[in-house]
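Residue numbers (this note's numbering): 307 to 533. Ideal placement from N, C-alpha and C gives every residue a C-beta, glycine not left out. Quick caveat: nothing in here was measured; it's all calculated off a predicted structure.
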Amino acid sequence: MAAAAAAAAIVLCEDDRGIPRSLTLLAALVEEDSRLNAAAASQPAGSDLVRAFRGRSVPKLPIREFLERIYLLVRSEAATGHVIRVDGTCFVLAGVYLTRFIGSHAARVAGIVVQPSTAHRLVAVALLLGGHSPKNWPAMFEAASDRAIGTGEIAGLEERFLRAISSRLFVDSHEFKCFCGVLEKVPLLPRGSCASKKRRADAVAGDEEEEHRRVRACLPPPAVMSN
């Protein structure tokens, strides 16, 4: 229990720019899943759910930069007196919700995974649900994605996401700390580095899959969405 609490404290701390470590670790986890499922991006969309999360255009920037842009935009809004807040816990909750969505019956039937053409919208909606008072976030997603994600898309994507997870948004302390433990073990490359990605990915692929199994075992089984 002490180890889980320690992992949570490490994951929730901020770097010297004020960026939560949970943001960086979640981005690394999503980017790794996206890389492993890259082949799916070239396949025809076989379901409405896949088509919806692919959208009309795919943001060009990496997930980490996308999340950092959102975080900084939200922080600047908060500084002007708007009732909106984001902190390290939001990114942990977003990871839990994204795990629930991908493990849901609806996602499995639809064949949707985290891959380059779906990753940004999936993580954006998961973050919206994990955030505090995120009323203005759709516009921020549009700005952070250089208009690749339209403000008008978000409500429909949120509805589909919630339906898939049966609106299960409660996360108890055990689930939260468990996911912090998963994030704390995510390997990170230096910012901007692209060297040895293939060697690193091959070396950690087995560990990543084991971590995914651990978090799925830790989280409650996804509810089956009725048709």
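With fewer than 16 other Cβ atoms from the protein chains shown falling within 10 Å of its own Cβ, His-480 counts as exposed.
Apart from the 5 residues on each side of it in sequence, Asn-343 sits with its Cβ closer than 7 Å to the Cβ of Val-419, Val-420 and Gln-421 in its chain, given in chain order. Spatial neighbours of Ala-425 in its own chain (CB-CB distance under 8 Å, excluding positions within 5 residues in sequence) are listed in chain order as Val-336, Glu-337, Asp-339, Ser-340 and Ile-369. Comparing alpha-carbon positions, the option among Val-364, Leu-378, Arg-375 and Gly-437 lying closest to Leu-399 turns out to be Gly-437. Nearest to Arg-466 by C-alpha distance, out of Asn-442, Ala-450, Tyr-403 and Ala-454, is Tyr-403.
Between Glu-374 and Leu-329, the CB-CB gap stays under 8 Å.
Residue pairing by DSSP places Glu-481 opposite no residue, since no beta bridge is assigned to it. Between Pro-365 and Ala-454, the C-beta spacing is below 8 Å.
Per DSSP, reduced to three states, the secondary structure at Pro-493 is coil, with no helix or strand assignment. Distance from the Cα of Glu-320 is smallest, within the candidate group Phe-397, Ala-345 and Leu-355, for Phe-397.
One alpha carbon belongs to Gly-462, the other to Gly-324, and they sit about 32 Å apart. Judged by DSSP secondary structure, Val-356 falls within the alpha helix (DSSP H) whose first and last residues are 354-360.
Sequence-distant partners of Ala-351 (beyond 5 residues in either direction) whose C-beta falls short of 8 Å from its own C-beta, in its chain, are Arg-357 and Arg-360. In the three-state DSSP reduction, Pro-444 falls in the helix class (H, G or I).
By a beta-carbon distance limit of 8 Å, Leu-434 does not contact Ile-408. Their separation comes to about 16 Å.
For Phe-476, there is no enclosing alpha helix (DSSP H), as DSSP gives it neither H nor E.
Closest option to Ala-347, judged by alpha-carbon separation, among Ser-423, Arg-427, Phe-447 and Leu-378: Ser-423. Non-local C-beta neighbours of Gly-401 in its own chain, meaning closer than 6 Å and more than five positions away in sequence, comprise Leu-332 and Phe-485, ordered along the chain. The beta carbon of Ile-376 is closer than 6 Å to those of Met-446 and Ala-450 in its chain, skipping five residues each way along the sequence. Per the coordinates, the alpha-carbon of Glu-383 lies some 10 Å from the alpha-carbon of Trp-443.
Looking at the DSSP output, Pro-326 bridges to Glu-320. Taking every protein chain shown into account, the CB of Arg-327 has 16 or more other CB atoms within 10 angstroms, so this residue is buried. In this structure, the straight-line span from the alpha carbon of Ile-471 to that of Arg-427 is close to 16 Å. The alpha-carbon separation between Val-429 and Asp-393 amounts to approximately 16 Å.
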